[in-house]
Amino acid sequence: MVVPDVTMSEVATMEVEPGQISTDRGGFGLIRAHTNFFVDSTETQVFEEQMFGRSVRVEMEPFRYEWDYGDGTSRTTSVGGYATEVFNDETPTSHVYDDTGQFQVNLTTHYRGTYQVEGMASRPIPGTLALDADPVTADIWRAETRNVSGPCDEARTNWGC
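Going by the UniProt record's numbering, the sequence shown opens with residue 1, and the numbers climb by one from there.
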């Protein structure tokens with residue numbers, strides 16, 4: 001049996017999900033501290049389609065993530081990152097901002113694919129598919145500390161209370 005080729009243009013019509021950018025702490029971060037970003041889904045996406053009059057199984061695997069942190073810095077990773085409960089925890093996808101402000105964070109996820117026609121051996125789909133996630137805003141603040149002149153629980157008139 002002759003196995004027809006599946007192309008990335010055909011895969012592009014299958015509604016491969018680009019994923020959503022997620023952040024720890026709702027996108028808020030502090031200047032000169034790690035702000036963590038991650039994509040919500042890094043799983044292989046599977047599609048069962050009818051193509052060429054046959055049943056075709058297509059698998060699209062994310063393999064490269066291009067992060068643009070909105071401050072002129074970008075990074076390419078092979079992982080989509082993960083959530084962390086620890087403040088200022090460096091992750092493969094976190095970023096340290098040198099300035100305060102609001103920054104638009106963008107992500108392009110690259111997928112490679114394989115297909116299988118009616119139970120035959122899997123074959124690679126030539127090329128890759130690049131999909132952009134909806135951007136998110138990183139809101140980076142400055143934190144300042146001050147010494148106080150005495151305990152606040154006794155005299156509410158002390159400086160800083």
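The beta carbon of each residue, even a glycine, is placed where N, CA and C say it ideally should be.
Distance CB(residue i)-CB(residue j) smaller than 9 Å
i    : j    : result
S55  : E118 : yes
D139 : G29  : yes
A12  : L129 : yes
N36  : T73  : no
G113 : E59  : yes
D134 : I31  : no
Cβ-based burial, residue i [other Cβ within 10 Å; buried from 16]
i    : result
G81  : buried
T109 : buried
DSSP beta-bridge partners of residue i
i           : result
R75         : W67
S122        : S122 pairs with nothing; no bridge assigned.
V136        : V105
residue 166 : This structure cannot speak to residue 166, because the chain is shown only from 1 to 161.
Cα-Cα separation, residue i to residue j
i    : j    : result
N106 : N147 : 39 Å
R75  : G150 : 46 Å
Y115 : S78  : 22 Å
F47  : S22  : 25 Å
D5   : F63  : 22 Å
D89  : A143 : 17 Å
T91  : D68  : 15 Å
is_contact[residue i, chain C] using C-beta, thresh 9 Å
i    : result
G127 : In summary, chain C is missing from the structure at hand, where a single protein chain is found.
Review point. Quick one: complete beta strand (DSSP E) runs, 3+ long, within the region 76 to 113?
Key: Qualifying beta strand (DSSP E) stretches: none in this window.
Which complete alpha helix (DSSP H) runs does the region 18 to 60 hold, if anything under 4 residues is left out?
None, since the region 18 to 60 contains no complete alpha helix (DSSP H) of that length.
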